[in-house]
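S.K.: Numbering (the UniProt record's numbering), first residue to last: 1 to 65.
Here a beta-carbon is modelled for each residue, glycine too, at the ideal position from N, C-alpha and C.
Being a predicted model, the structure only gives us computed values, none of them experimental.
Sending over a structure as structure tokens; questions will come in a sec.
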């Protein structure tokens, strides 16, 4: 399980955007987001650098947790 701290997520749209960005690249990925805590957890096979890039492409800042 990979974990990331994400800044800028404020609503359900943010959750959907990040989830869809990851699952578009890895359809088998499971994504769990704690909006209040700004945390994203995923079991994707994608490397952490790619996850951070995908989240950044959606307009959010991410760092490994």
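Would you say residue 18 and residue 60 are within 9 Å of each other, going by their C-beta atoms?
M.R.: Cβ atoms of residue 18 and residue 60: closer than 9 Å.
S.K.: Could you tell me which residues DSSP puts in a beta bridge with residue 34?
M.R.: Bridge partners of residue 34: 39.
S.K.: How do the stretch 1-19 and the stretch 36-46 stand: do at least 3 beta-carbon pairs fall below 8 Å, yes or no?
M.R.: Judged by Cβ distances under 8 Å, the stretch 1-19 makes contact with the stretch 36-46, as three or more pairs qualify.
S.K.: Measuring only the C-alpha atoms, how far is residue 29 from residue 21?
M.R.: For residue 29 and residue 21, the distance between alpha carbons rounds to 11 Å.
S.K.: Taking only the alpha-carbon atoms, compute the straight-line gap between residue 15 and residue 38 and give it to the nearest angstrom.
M.R.: Roughly 10 Å between the two C-alpha positions.
S.K.: Could you tell me which of 53, 34, 48, 54 sits nearest to residue 9, measuring between CA atoms?
M.R.: When each option's Cα is compared against that of residue 9, the closest is 34.
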